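Residue numbers (my numbering): 76 to 198. Virtual Cβ for every residue (Gly too), placed ideally from N, Cα, C. Being a predicted model, the structure only gives us computed values, none of them experimental. Some notes on the structure that comes next.
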């Protein structure tokens with residue numbers, strides 16, 4: 076299913092299948108409050124709920140780029156305003172998981188409780 080809208084975040088793909096050792100791009104668009112773009116303290120991150128057992132606080136998602144399982148294999152691309160792409164290289168079967176996007180500023184943060192994009196890595 077393409078174009079699933081999760082409140083203010085729309086994931087390009089609901090599910091993606093990729094081969095072990097390949098690379099994948101997981102994308103979304105987000106249209107938060109217009110003023111969001113002008114905050115100097117804004118930040119975005121991608122996370123996987125399946126990794127919550129690794130987080131210091133189970134209710135606070137942690138950036139995949141700081142997860143040792145993904146070290147050196149994750150890149151976040153902001154190619155245009157309001158669009159974010161998570162690139163994972165050298166895919167492993169253990170990367171099979173759901174991936175979600177979160178954005179925040181000093182004034183608010185938002186992440187969807189609805190599903191993101193599910194990646195299945197096949198051997």
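Quick one: what's residue i bridged to in DSSP?
i, result
"residue 94", "197"
"residue 120", "177"
"residue 192", "174"
"residue 102", "160"
Assuming residue i and residue j form a contact by the criterion Cβ under 8 Å, report the distance between their Cβ atoms to the nearest whole angstrom.
i, j, result
"residue 140", "residue 149", "5 Å"
"residue 192", "residue 91", "6 Å"
"residue 119", "residue 178", "5 Å"
Roughly how many angstroms separate the alpha carbons of residue i and residue j, rounded to a whole number?
i, j, result
"residue 194", "residue 170", "7 Å"
"residue 151", "residue 198", "25 Å"
"residue 131", "residue 142", "12 Å"
"residue 104", "residue 138", "18 Å"
"residue 145", "residue 180", "25 Å"
"residue 127", "residue 102", "21 Å"
"residue 136", "residue 122", "6 Å"
"residue 93", "residue 117", "32 Å"
Do the CB positions of residue i and residue j come within less than 9 Å of each other?
i, j, result
"residue 95", "residue 162", "no"
"residue 124", "residue 175", "yes"
Legend entry - Segments assigned beta strand (DSSP E), at least 3 residues, entirely inside the region 130-165: Qualifying beta strand (DSSP E) stretches, in chain order: 149-155, 158-163.
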